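See structure below.
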Amino acid sequence: MADFVMPTLGSDMTEGTLVEWKKKVGDRVTKGEIIAEVDTEKSAIEIESFYTGIIQALITEPGEKVPVGTVMAIIREEGKPGGPVEAKADAKPVKESPRSSVREGVIPSRPESGRLRISPAAKQLAAELRVDPSALKGTGPGGAVTLDDVRAAAAVPPNEPPAVAIDRRTRMRETIAAAMARSKREIPHYYLSTIIDMGRAMTWLKEENLKRPVTDRLLYGVLLIKAVALALRQVPELNALWKEGGVVQSPDIHVGVAVSLRQGGLVAPAIHHTDKLSLGELMTQFQDLVKRARAGTLRSSEFSDPTITVTSLGEQGVETVFGVIYPPQVALVGFGKAVERPWIVEGQVVSRPVVTASLSADHRVTDGHRGGVFLSAVDRLLQEPGQL
954 MADFVMPTLG
964 SDMTEGTLVE
974 WKKKVGDRVT
984 KGEIIAEVDT
994 EKSAIEIESF
1004 YTGIIQALIT
1014 EPGEKVPVGT
1024 VMAIIREEGK
1034 PGGPVEAKAD
1044 AKPVKESPRS
1054 SVREGVIPSR
1064 PESGRLRISP
1074 AAKQLAAELR
1084 VDPSALKGTG
1094 PGGAVTLDDV
1104 RAAAAVPPNE
1114 PPAVAIDRRT
1124 RMRETIAAAM
1134 ARSKREIPHY
1144 YLSTIIDMGR
1154 AMTWLKEENL
1164 KRPVTDRLLY
1174 GVLLIKAVAL
1184 ALRQVPELNA
1194 LWKEGGVVQS
1204 PDIHVGVAVS
1214 LRQGGLVAPA
1224 IHHTDKLSLG
1234 ELMTQFQDLV
1244 KRARAGTLRS
1254 SEFSDPTITV
1264 TSLGEQGVET
1274 VFGVIYPPQV
1284 ALVGFGKAVE
1294 RPWIVEGQVV
1304 SRPVVTASLS
1314 ADHRVTDGHR
1324 GGVFLSAVDR
1334 LLQEPGQL
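Going by the working numbering, 1024 is the number at position 71 of the sequence shown; the sequence numbering is gapless.
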């Protein structure tokens, strides 16, 4: 059997609220399949299963706040009988979790004598609906007061999910503030920038888009993302995470792209294996990612494994961006607005579109020399756009 736990979807996440199970007890689930939807400070996220098997028990109920690492469900291997779920769940040394709310197949731990049996979600709902849980006769395992008991007492329809009242904008600002404060407190940043001639890239992009159907045309931004991904092959130490006091270089390149949300705030989900995608594939995935980020349907893997972040404020008219690294990543690349500037080409002053590329990097991992090599690689790659 395997424990399905609340994953960490970024270093700043400590807990999530289960919104909905996408599977029920007895269903088969495959690795990578969506199993639940969880609400975090930043967004609602679809959580993928890490295992293939049969759902034996769903421990957490919708509406419960669940700390990262807490067991939420039990998945047994297909074709094998289920084991002693209670022992399995109780054996996991997780943080204090809302375990008393057990849906099926699990007997909650024995409470202290005289102590009210009630799950955290039911307790929270009772407070919201102004129901005294001590006056209720619980119908759950061992007489525990369940969500349905509370709903029944408040005359709320039994199938109506508990309200998850979240001031998302405030919570997102608090989360971003905590992450950025940690970053500036713990990461010794250094900053570099360079101005890149985008003349060849712009000309190539215009000609390339004339060959493509309107729906398949490329945005200028995907050239920048692909150039960053390929430059990381040449300076792989920037494609890494800082964990437990040391750097862990990632074998794969998953570029996180900063996406501003309509309600305010931003997220930076990953485009997996960015360096291996064609520009057309990258364009498709980029558009899909932006659309789902703003619709609140990102997946857990897209939040949990970006290895570097790219941010661009060109659309806002900003010419230079010096970003703050999102821990545990060790670097962030910024791009500003493409502007026309006088440029010397073969001894002649001409007008060229240029963009300022910046690098914010962790001095514990790299230094200015390697950072400069990286930005030079980005510049060189953008001078050969047909090779991206």
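Here a beta-carbon is modelled for each residue, glycine too, at the ideal position from N, C-alpha and C. Given the structure is predicted, the values throughout are model-derived calculations rather than measurements.
With a CB to CB cut of under 6 Å and the five nearest residues on each side skipped, what residues in its chain are close to residue i?
i, result
"G985", "E1001"
"A1106", "V1084 and L1089"
"A1180", "V1331, L1334 and L1335"
"P1086", "I1071, A1079 and V1098"
"I1224", "V1208 and Q1238"
Compute the Euclidean distance between the alpha carbons of residue i and residue j, then round it to the nearest angstrom.
i, j, result
"V978", "Q1009", "6 Å"
"Q1240", "F957", "30 Å"
"V1301", "D1150", "Note on identity: in this sequence residue 1301 is Gln, with Val being the wrong assignment. Cα to Cα, the separation comes out at about 15 Å."
"F1327", "A1310", "11 Å"
"W1296", "I1178", "24 Å"
"R1323", "I1012", "48 Å"
"R1252", "L1185", "24 Å"
"W1195", "V1283", "7 Å"
"S1304", "E1268", "21 Å"
"V1208", "A1132", "19 Å"
"A1026", "G1032", "18 Å"
"D1250", "S1146", "Note on residue identity: the sequence assigns Thr, not Asp, to residue 1250. Each residue's Cα considered, the two are about 34 Å apart."
"L1191", "T1319", "7 Å"
"E1197", "H1142", "18 Å"
"L1285", "G1276", "7 Å"
"V1024", "K976", "16 Å"
"L1235", "D980", "34 Å"
"A989", "I1007", "15 Å"
"I1148", "T1123", "36 Å"
"T1156", "V1298", "16 Å"
"D1205", "R1245", "23 Å"
"M1125", "P1189", "31 Å"
"G1217", "L1266", "15 Å"
"H1226", "P1166", "25 Å"
"I998", "M959", "12 Å"
"L1230", "G1016", "38 Å"
"T1092", "D1102", "7 Å"
"P1306", "Q1187", "26 Å"
Leaving out five residues before and five after residue i in sequence, what residues of the same chain have Cβ atoms less than 8 Å from its Cβ?
i, result
"R1247", "V1212, L1214 and R1215"
"L1183", "D1228, A1330, L1334 and L1341"
"I1119", "The predicted position of I1119 is uncertain, since its pLDDT is 49 and thus under 50; a value taken from the coordinates is nonetheless stated next. Correct list, in chain order: T970 and D992."
"G1270", "K1290"
"E1139", "P1280"
"T1273", "S1146, G1287, G1289, T1309 and S1311"
"L1219", "I1129, A1211, V1212 and S1213"
Just checking my contact of residue i with residue j at CB under 8 Å: how many whole Å lie between their CB atoms?
i, j, result
"A1330", "V1308", "Contact doesn't hold; Cβ gap of about 15 Å is too wide."
"V1021", "E968", "6 Å"
"A1221", "V1210", "6 Å"
"L1163", "L1176", "16 Å between Cβ atoms; not a contact."
"Y1144", "S1313", "6 Å"
"E1014", "L1100", "6 Å"
"T1264", "S1203", "With 8 Å as the limit, T1264 and S1203 do not qualify as a contact, their Cβ atoms being about 19 Å apart."
Of all the options the options, which has the alpha carbon lying nearest to the alpha carbon of residue i?
i, options, result
"G1152", "E1161, P1222 and E1293", "E1293"
"T1262", "G1249, F1275 and Y1279", "Y1279"
"K1137", "A1097, Q1238, V1098 and P1281", "P1281"
"E1255", "I987, M954 and V982", "I987"
"T1168", "I1071, G1093 and T1237", "T1237"
"G1233", "L1082, F1288 and G1339", "G1339"
"T983", "V1103, R1029 and A997", "R1029"
"V1098", "A1079, I1071, L1082 and S1087", "I1071"
"R1317", "S1231, I1206, V1200 and P1306", "V1200"
"A955", "L1082, Y1004, I998 and A1108", "Y1004"
"R1104", "H1226, S1231 and L1082", "L1082"
Excluding the five sequence neighbours on either side, which residues of its own chain have a C-beta within less than 7 Å of the C-beta of residue i, listed in chain order?
i, result
"T943", "Outside the shown range of the chain (954 to 1341) lies residue 943, about which nothing can therefore be said."
"Q1336", "R1153"
"M1161", "The sequence shown places Glu at residue 1161, rather than the Met named in the question. Answer for E1161: L1171, listed in chain order."
"G1096", "R1070"
"Y1325", "Just to set this straight, residue 1325 is Gly in the shown sequence, not Tyr. Hits under 7 Å: L1145."
"L1243", "A small correction: the amino acid at residue 1243 is Val; Leu does not occupy that position in the sequence shown. So the qualifying residues of the chain are V1212."
Does any CB atom of chain B fall closer than 8 Å to the CB of residue i?
i, result
"T1147", "This model lacks chain B altogether, as it is built from one protein chain only."
Q: Write down every uninterrupted run of the beta strand (DSSP E) in the segment 1200-1262 whose length is 3 residues or greater and which is fully enclosed by it, in chain order.
A: 1208-1210
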